[in-house]
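Protein chains: 2
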Amino acid sequence: MAHAWVLTSRPKAVPVASDFDLVPIPDRPLEDGEIRVRNRWLSVDPYMRARMNAGHGYMPPFILGEPMTGRALGDVVESRHAGFKPGDVVSHMAGWRDEAIVGSSLDPWRIPFSDVPETAWLNGLGAAGLAAWVGLAVIADARAGETLFVSAAAGAVGSVVVQLAKAWGLRVVASAGGPRKAAWALELGADHSIDYKRDPLLETLGAAAPDGIDIYFDNVGGAHLDAALAVSRRGARVAICGMIDSYNGERPLELRHAGRLIAARIRMEGYLVSDHMGARDRFLAEMIPLVRDGRIRNRETVRQGLAAMPEAFLGLFDGMNIGKMLVEIPWRGDGGAKALP
Amino acid sequence: MAHAWVLTSRPKAVPVASDFDLVPIPDRPLEDGEIRVRNRWLSVDPYMRARMNAGHGYMPPFILGEPMTGRALGDVVESRHAGFKPGDVVSHMAGWRDEAIVGSSLDPWRIPFSDVPETAWLNGLGAAGLAAWVGLAVIADARAGETLFVSAAAGAVGSVVVQLAKAWGLRVVASAGGPRKAAWALELGADHSIDYKRDPLLETLGAAAPDGIDIYFDNVGGAHLDAALAVSRRGARVAICGMIDSYNGERPLELRHAGRLIAARIRMEGYLVSDHMGARDRFLAEMIPLVRDGRIRNRETVRQGLAAMPEAFLGLFDGMNIGKMLVEIPWRGDGGAKALP
Numbered sequence: 001m002a003h004a005w006v007l008t009s010r011p012k013a014v015p016v017a018s019d020f021d022l023v024p025i026p027d028r029p030l031e032d033g034e035i036r037v038r039n040r041w042l043s044v045d046p047y048m049r050a051r052m053n054a055g056h057g058y059m060p061p062f063i064l065g066e067p068m069t070g071r072a073l074g075d076v077v078e079s080r081h082a083g084f085k086p087g088d089v090v091s092h093m094a095g096w097r098d099e100a101i102v103g104s105s106l107d108p109w110r111i112p113f114s115d116v117p118e119t120a121w122l123n124g125l126g127a128a129g130l131a132a133w134v135g136l137a138v139i140a141d142a143r144a145g146e147t148l149f150v151s152a153a154a155g156a157v158g159s160v161v162v163q164l165a166k167a168w169g170l171r172v173v174a175s176a177g178g179p180r181k182a183a184w185a186l187e188l189g190a191d192h193s194i195d196y197k198r199d200p201l202l203e204t205l206g207a208a209a210p211d212g213i214d215i216y217f218d219n220v221g222g223a224h225l226d227a228a229l230a231v232s233r234r235g236a237r238v239a240i241c242g243m244i245d246s247y248n249g250e251r252p253l254e255l256r257h258a259g260r261l262i263a264a265r266i267r268m269e270g271y272l273v274s275d276h277m278g279a280r281d282r283f284l285a286e287m288i289p290l291v292r293d294g295r296i297r298n299r300e301t302v303r304q305g306l307a308a309m310p311e312a313f314l315g316l317f318d319g320m321n322i323g324k325m326l327v328e329i330p331w332r333g334d335g336g337a338k339a340l341p
Numbered sequence: 001m002a003h004a005w006v007l008t009s010r011p012k013a014v015p016v017a018s019d020f021d022l023v024p025i026p027d028r029p030l031e032d033g034e035i036r037v038r039n040r041w042l043s044v045d046p047y048m049r050a051r052m053n054a055g056h057g058y059m060p061p062f063i064l065g066e067p068m069t070g071r072a073l074g075d076v077v078e079s080r081h082a083g084f085k086p087g088d089v090v091s092h093m094a095g096w097r098d099e100a101i102v103g104s105s106l107d108p109w110r111i112p113f114s115d116v117p118e119t120a121w122l123n124g125l126g127a128a129g130l131a132a133w134v135g136l137a138v139i140a141d142a143r144a145g146e147t148l149f150v151s152a153a154a155g156a157v158g159s160v161v162v163q164l165a166k167a168w169g170l171r172v173v174a175s176a177g178g179p180r181k182a183a184w185a186l187e188l189g190a191d192h193s194i195d196y197k198r199d200p201l202l203e204t205l206g207a208a209a210p211d212g213i214d215i216y217f218d219n220v221g222g223a224h225l226d227a228a229l230a231v232s233r234r235g236a237r238v239a240i241c242g243m244i245d246s247y248n249g250e251r252p253l254e255l256r257h258a259g260r261l262i263a264a265r266i267r268m269e270g271y272l273v274s275d276h277m278g279a280r281d282r283f284l285a286e287m288i289p290l291v292r293d294g295r296i297r298n299r300e301t302v303r304q305g306l307a308a309m310p311e312a313f314l315g316l317f318d319g320m321n322i323g324k325m326l327v328e329i330p331w332r333g334d335g336g337a338k339a340l341p
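Protein sequences, first through last, are from chains D and H.
First residue of the first sequence? That's 1 in UniProt numbering, and the numbers climb one at a time after it.
First residue of the second sequence? That's 1 in UniProt numbering, and the numbers climb one at a time after it.
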């Protein structure tokens, strides 16, 4: 019997464990065009928080009592779709569960053969990597020689931003929370790394970029965005990929340096990677070699077992992850039952 | 003896009368390339507040104890510049004073002959009009059929925005403070007018634009910007021309709906009209006929006499003006002394 996580109540602020329930999914035969997938990796992403609200977001809200969705990667075990056969490894949107029936609306996509670790397809070669690439290349129009500031630089998206920007010849100032993350951002090539939990953000950023910044890649909003505006150089661009500081809706965004938007003629733009799937081929053509050669390194924070999903998700807001947060689902032998912890 | 206003101390928040002093300017002969101008009209603009701060703005700060500057219009009474002769009416940057010696650094510009009232050159045909035109055409890329929201719609810039947008076929929701201003925005052609001092802004805006807005033309920042984000449609653009709510630095900009930047893929851009002087010919070619035919109406709030400058300036922050705030300087006869009140 397959199991899935459902949302039982819409969180008001920070979600709590009782907002989620793990329930059995009734089995049924496949219909034409569907595949059955045993998920081995579940993606855990901050944007999912927005779908827990009642509406007005960029994706439809999760329906109370129905299985939640999200990116996942697993093995096809049965197929009634001509494009997939048992044994194929697919990425699709039926996450938050162990076994999934996947039709075309859940965007199944066969992972091409390559000599990169398969988890890369949920990380630097997946939506996280594409979000970094689109934000830099399309939204911010990054150019060699410019100075870039990126927040959550040890996260899934941020760590690719650091490495891509360095590969393209930019100067990079990275911010991350805590000494381990700050150190990792340096290892990835950042010219400066700020531990914002220790250092005063605005002063440290100003010292690291004495001539100002040309680009701010925003993953968090809040004080980071405010500091970025304060040190923005004329014509700076702000690519808003995420605002994890606001997702739980606890407090408004406070900008003391909003006047810089005019003074520095700043362009600030929010975007969603789902609008840019047309760029995926170009992105992969550049990224696969970089990942294969180790010029772009990916890292994952992994929790074991489907039961760990809510804890892993809530951990995103506590800064638990370095790199991409994933849940791994172990399967006992081939065709065996799922081993829940 | 000519007189000019100097800044005697840098205001911390809202300026007070004692921050300004009216002082005599020593007379001197003209040098080559200079003209002497009797100012008849002084422009009074919110942006001047930024120049009263110590630095980090988009224009050099006013120097304590030296005459302040700003746009002005007057008659050439003496010339050592081949391009100007006595009797020419010129626009230039040596405002905040009655008589000025103007060299090329103060951007003198001869008003072309036309059958529009000369104050239009400090209003709809001047920087206010160009700011409206650039914000709509260049920054926001306004298109017929779209829905535009504009704040301070009864102000110098906002009133041109309303009228240009209607001329270009947009639907316009205008916000202004108080019944007289709100009524005037309707007279100018706005489809809806919100008196934000009476009506709850977010609810009223949502009702006036049930399908959301495509463009927000921002003159004020603050709660208006927040409400605009809340009702922005996918792909909306925010042209940030001014943020009068923040100029006095009393409080940070608070955005409860910052998450909409991502959800609606909003592009937000600050700009300065001074970067777009290259568009002036194109702008004037379109605007002069519109102003001449009365399709774009200008209005002024006028205070009399140089002594009234600080009061007029402070009035901007109390919403005293409908249309452009100007100070008129009366001159007694030709060549007579200035009549100070």
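Where is the CB? At the ideal position from N, CA and C, for every residue including glycine.
These numbers were taken from a predicted model, which means no experiment stands behind them.
For H:Arg-38, which residues in chain D fall below 7 Å Cβ to Cβ? What you label residue 38 of chain H is simply residue 38 of the second sequence in a count that begins at 1. Per Cβ cutoff of 7 Å: no residues; H:Arg-38 is ~33 Å from chain D at best.
Do you know whose CA, among D:Tyr-47, D:Val-102, D:Ala-4 and D:Asn-123, lies nearest D:Met-314's CA? Taking the first sequence and counting its residues from 1, the one referred to as residue 314 of chain D is at position 314. The residue you asked about is not Met; residue 314 of chain D is Leu in the sequence shown. With distances taken between Cα atoms, D:Leu-314 lies closest to D:Tyr-47.
If D:Gly-65 and D:Val-76 are in contact, beta carbons under 8 Å, what's the gap, nearest whole angstrom? Here residue 65 of chain D is taken as the residue at index 65 of the first sequence, counted from 1. Here residue 76 of chain D is taken as the residue at index 76 of the first sequence, counted from 1. Actually they are not in contact, since the Cβ atoms of D:Gly-65 and D:Val-76 sit about 28 Å apart, beyond 8 Å.
Burial state of residue 343 of chain D, where buried means 16 or more other Cβ atoms lie within 10 Å: Given that chain D is displayed from residue 1 to residue 341, the structure contains no residue 343 of chain D and the question cannot be resolved.
Run through chain D and tell me which residues come within less than 8 Å of H:Asp-275, C-beta to C-beta. Indexing the second sequence from 1 puts residue 275 of chain H at position 275. Those within 8 Å of H:Asp-275 in chain D are Arg-265.
Any chain H beta carbon closer than 9 Å to D:Ala-50: Your numbering for residue 50 of chain D matches position 50 in the first sequence. It does; some Cβ of chain H falls within 9 Å.
Using the rule of at least 16 other Cβ atoms within 10 Å of the residue's Cβ for burial, across every protein chain shown, is H:Pro-200 buried or exposed? Here residue 200 of chain H is taken as the residue at index 200 of the second sequence, counted from 1. Answer is exposed; the Cβ neighbour count stays below 16.
Does the beta carbon of H:Leu-205 come closer than 9 Å to any beta carbon on chain D? The residue given as residue 205 of chain H occupies position 205 in the second sequence. No, its Cβ sits nowhere closer than 9 Å to a Cβ of chain D.
Three-state secondary structure assigned by DSSP to D:Pro-24: Position 24 of the first sequence holds residue 24 of chain D. If DSSP states are grouped into helix, strand and coil, D:Pro-24 belongs with the strands.
Assign residue 364 of chain D to one of three DSSP states: helix, strand, or coil. Limits of chain D in this structure are 1 at one end and 341 at the other, which puts residue 364 of chain D out of reach.
Taking only beta-carbon positions, decide if D:Arg-256 is within less than 9 Å of chain H. As a working mapping, residue 256 of chain D is identified with position 256 in the first sequence. Closer than 9 Å: yes.
Apart from the five residues on each side of it in sequence, which residues of its chain come closer than 7 Å, Cβ to Cβ, to D:Trp-121? Residue 121 of chain D sits at position 121 when you count from the first residue of the first sequence. Answer for D:Trp-121: Leu-73, Ser-91 and Ile-111, listed in chain order.
Could you have a look at residue 348 of chain H and say whether DSSP puts it in helix, strand or coil? Outside the displayed range of chain H (1 to 341) lies residue 348 of chain H, so it cannot be described from this structure.
Return yes when the Cβ of H:Thr-147 is within less than 9 Å of the Cβ of H:Val-172, no when it is not. By 1-based counting over the second sequence, the position of residue 172 of chain H is 172. By 1-based counting over the second sequence, the position of residue 147 of chain H is 147. Yes, the pair counts as a contact, with Cβ atoms nearer than the cut-off.
Given this structure, state the Cα-to-Cα distance separating D:Glu-187 from H:Tyr-196, to the nearest angstrom. Against the first sequence, residue 187 of chain D aligns to sequence position 187. Against the second sequence, residue 196 of chain H aligns to sequence position 196. Approximately 52 Å, taken between the alpha carbons.
How about H:Pro-252: is its C-beta nearer than 9 Å to some C-beta of chain D? Stepping through the second sequence from its first residue, residue 252 of chain H is reached at position 252. Yes, H:Pro-252 lies at the interface with chain D (some Cβ there is under 9 Å from its Cβ).
What does DSSP give as the partner residues of H:Glu-254 in its beta bridges? Along the second sequence, read from residue 1 onward, the residue named residue 254 of chain H stands at position 254. D:Glu-254, per the DSSP bridge assignment.
Would you call H:Gly-336 buried or exposed, if buried means 16 or more other Cβ atoms sit within 10 Å of its Cβ? If you number the second sequence from 1, residue 336 of chain H lands on position 336. With a pLDDT of 49 at H:Gly-336, under the threshold of 50, the modelled position of this residue cannot be trusted; read the value that follows with caution. Label assigned to H:Gly-336: exposed.
Using a Cβ-Cβ distance under 9 Å, would D:Ser-79 count as near chain H? Here residue 79 of chain D refers to the residue found at position 79 when the first sequence is read from its first residue. By this cut-off, D:Ser-79 is not an interface position.
Outcome for D:Pro-341 when other beta-carbon atoms lying within 10 angstroms are tallied against a minimum of 16: Here residue 341 of chain D refers to the residue found at position 341 of the first sequence. With a pLDDT of 47 at D:Pro-341, under the threshold of 50, the predicted position of this residue should be treated as unreliable, though the coordinate-derived value follows. Its Cβ having fewer than 16 others within 10 Å, D:Pro-341 is exposed.
Count the CB pairs spanning the region 270-287 of chain D and the region 265-277 of chain H that are closer than 8 Å, and state whether there are at least three. yes
Starting from the beta carbon of D:Gly-221, find every residue of chain H whose beta carbon is closer than 7 Å, and list them in chain order. Position 221 of the first sequence holds residue 221 of chain D. What D:Gly-221 touches in chain H: Ala-258.
Following the continuous beta strand (DSSP E) through H:Val-44, name the residue where it begins and the one where it ends. The count along the second sequence starts at 1 and reaches residue 44 of chain H at position 44. It spans 35-44 - the beta strand (DSSP E) in which H:Val-44 sits, taken as one unbroken run.
So, D:Val-116 versus D:Ala-279, is the Cβ gap smaller than 9 Å? Numbered from its first residue, the first sequence carries residue 116 of chain D at position 116. Numbered from its first residue, the first sequence carries residue 279 of chain D at position 279. Not in contact: D:Val-116 and D:Ala-279 (Cβ atoms no closer than 9 Å).
Residues near D:Ala-339 by beta carbon distance below 6 Å, same chain, minus five either side: The sequence position of residue 339 of chain D within the first sequence is 339, counting from 1. Residue placement at D:Ala-339 is flagged as unreliable, the pLDDT there being 47, under the threshold of 50; a coordinate-derived value is accordingly withheld.
Please list the partners that H:Tyr-58 has in chain D, where partner means a Cβ-to-Cβ separation under 7 Å. For the purposes of this step, residue 58 of chain H is taken as residue 58 along the second sequence, with counting starting at 1. Neighbours of H:Tyr-58 on chain D, chain order: Ile-262 and Ala-263.
Based on Cα-Cα distance, which residue from D:Gly-129, D:Ala-13 and D:His-3 lies nearest to D:Glu-250? As a working note, residue 250 of chain D is residue 250 in the first sequence. The candidate whose alpha carbon is nearest that of D:Glu-250 is D:Ala-13.
9 Å Cβ cutoff met for H:Ile-25 and H:Pro-67: To locate residue 25 of chain H, count along the second sequence from 1; it is residue 25. To locate residue 67 of chain H, count along the second sequence from 1; it is residue 67. Their beta carbons are under 9 Å apart, which means H:Ile-25 touches H:Pro-67 by this criterion.
Does chain D have any CB closer than 9 Å to the CB of H:Gly-95? On the second sequence, residue 95 of chain H is found 95 positions in, with the first residue counted as 1. Not closer than 9 Å to any Cβ of chain D, the Cβ of H:Gly-95 fails to qualify, so no.
So which residues on chain H does D:Ser-246 lean against when the C-beta distance must stay under 7 Å? Residue mapping note: residue 246 of chain D aligns to position 246 of the first sequence, counting from 1. Under the 7 Å cutoff, chain H gives Ala-258 and Gly-259.
Between the C-alpha atoms of D:Arg-295 and H:Ser-105, what's the straight-line distance to the nearest angstrom? By one-based count along the first sequence, residue 295 of chain D stands at place 295. By one-based count along the second sequence, residue 105 of chain H stands at place 105. Computed Cα separation, rounded: 52 Å.
According to DSSP, is D:Ala-142 helix, strand or coil? Translated into the one-based positions of the first sequence, residue 142 of chain D becomes position 142. D:Ala-142: coil per DSSP, three-state reduction.
So with Cβ pairs under 9 Å, would you call H:Gly-33 a contact of chain D? Here residue 33 of chain H is taken as the residue at index 33 of the second sequence, counted from 1. No, because no Cβ of chain D sits closer than 9 Å to the Cβ of H:Gly-33.
Taking only runs of the alpha helix (DSSP H) that begin and end inside the region 116-160 of chain H, which ones reach a length of at least 4 residues, in chain order? 127-134
Residues that H:Glu-99 bridges to, as DSSP identifies them: Within the second sequence, the letter at position 99 stands for residue 99 of chain H. Paired residues: H:Arg-38.
Pull the bridge partners of H:Pro-67 from the DSSP assignment, please. Taking the first residue of the second sequence as position 1, residue 67 of chain H is located at position 67. In the DSSP output, where bridge partners are listed per residue, H:Pro-67 has H:Val-6.
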